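Using the working numbering, you'd call the opening residue of the sequence shown number 1 and step up by one each time. Glycine included, every Cβ here is placed at the ideal spot set by N, Cα and C. Please read these numbers as outputs of a predicted model, since none were measured by experiment.
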Amino acid sequence: MSNEIIKKKSDNAIVTSTHWQTDFFSKSIDDVNGRSMVILEKESSIVLEETIECRKLNSLLRADDGLSKKQVLQILQIAILNTARSFKYSENMTFMQSSVLAEDLLDKMKYESLEDVLLMLKMGRRGELGSNKGRFDSDVLFTLFLPAYNEIKSLQWDEKIRLEKLEREKKEKEDLAAPRDSNTDYVDQLHKAWKDSQKPKVLTTKSSVPENNDHVQFMFNLRMIVSSMTNSQLRTEMIRAKNNKAFDAYEIYELELNSRK
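As structure tokens, this is what we get:
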């Protein structure tokens with residue numbers, strides 16, 4: 001997934017449970033096995049779909065309720081050592097080696113979450129990110145595991161966007177298909193809705209929004225304007241017009257939209 005996409009999601013991220021972090025730091029820094037078990041337990045509960053909404057590392061480091069860089073590096077270091085022990089040619093990785101990898105990993109994955117890092121390492125140990133031939137080092141981490149994980153995450157992101165789009169389209173169709181009830185006051189309602197809300201882009205012409213007694217002229221102007229609207233704008237205005245029972249305006253939008261099919 002590109003950094004640009006991930007940056008856009010950072011501000012909307014949810015704050016996931018931090019109990020495991022509290023447990024981690026409650027262990028002595030010399031209690032490597034205890035800290036390792038905390039991370040392994042956390043890994044077992046991580047689901048790929050949920051990582052999209054988790055707080056990103058760059059946000060975690062800035063937040064008042066987040067973690068310091070030193071704390072994040074301690075977590076990454078233990079997670080890296082857990083992974084190294086799973087491969088026969090890397091099981092004797094030193095703390096210094098894991099510290100260097102942790103620094104590099106934080107820099108490479110600062111727009112991902114801690115949960116992403118833990119899940120990636122777990123998937124790597126299980127062989128789900130490609131074959132590393134029994135070794136684990138910077139080459140394997142950054143040229144095999146990370147690209148493979150990013151590809152999987154990108155597909156997950158695309159699927160999320162697809163489902164959200166389908167849900168929006170379904171809602172639009174339901175709104176447009178709802179029964180129309182006629183109302184003699186629809187002109188007043190339509191004009192009030194437009195005055196009370198931000199003026200739609202479609203009406204940003206030299207002509208001002210007409211008063212209620214200028215409805216005929218308004219409808220004439222509307223016919224001139226709709227051709228410059230996007231399909232999305234047309235659908236939005238159809239819903240607005242329908243909600244205000246402005247069915248003559250609705251039909252103008254509908255005819256324009258249908259003519260483009």
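query                                                                                                                         : result
Ser-98 classed as buried or exposed, judged by whether at least 16 other C-beta atoms fall within 10 angstroms                : buried
Range covered by the alpha helix (DSSP H) that runs through Asn-132                                                           : Looking at the DSSP string, Asn-132 is not in any alpha helix (DSSP H), and its letter there is neither H nor E.
Under the three-state DSSP convention, the category Ser-68 falls into                                                         : coil
Local Cβ density within 10 Å of Arg-223, reported as buried at 16 or more and exposed below that                              : exposed
Chain-order list of residues whose beta-carbon lies under 7 Å from that of Lys-122 (same chain, five-residue window excluded) : Glu-43
Bridge-paired residues (DSSP) for Lys-160                                                                                     : Answer is none; Lys-160 lacks a bridge partner.
contact_flag[the stretch 80 to 88, the stretch 47 to 58] where n(CB pairs < 8 Å) is 3 or more                                 : no
Cβ neighbours of Thr-204 in the same chain (closer than 8 Å, five flanking residues each side left out)                       : Because the pLDDT at Thr-204 is just 40, under 50, the model does not fix this residue reliably, and the value given afterwards should be weighed accordingly. Nothing meets the Cβ criterion.
Residue burial classification, Arg-260 (beta-carbon count within 10 angstroms, cutoff 16)                                     : exposed
Secondary structure of Ser-28, DSSP reduced to three states                                                                   : coil
Within 8 Å, strictly: CB atoms of Leu-101 and Leu-163                                                                         : no
Test item: CB-CB of Glu-115 and Cys-54 under 8 Å                                                                              : yes
Proximal residues to Ser-227 (C-beta, below 8 Å), its chain only, five neighbours per side dropped                            : Glu-256
Neighbourhood of Lys-206 by C-beta distance below 7 Å, restricted to the same chain and skipping five residues each side      : Caution is warranted here: a pLDDT of 42 is assigned to Lys-206, below 50, making its placement in the model unreliable, and the coordinate value is therefore given only provisionally. None.
Separation of Lys-153 from Lys-165, as counted between CA atoms                                                               : 18 Å
Assigned secondary structure, Ser-113 (DSSP; H/G/I helix, E/B strand, else coil)                                              : strand
Same chain only: Cβ atoms within 8 Å of Ile-161, ignoring 5 sequence neighbours per side                                      : none
Nearest neighbour of Asp-266, chosen from Leu-105, Asp-64, Gln-74 and Leu-67 [CA to CA]                                       : Coverage of the chain is limited to positions 1 through 261, which leaves residue 266 absent and any answer about it impossible.
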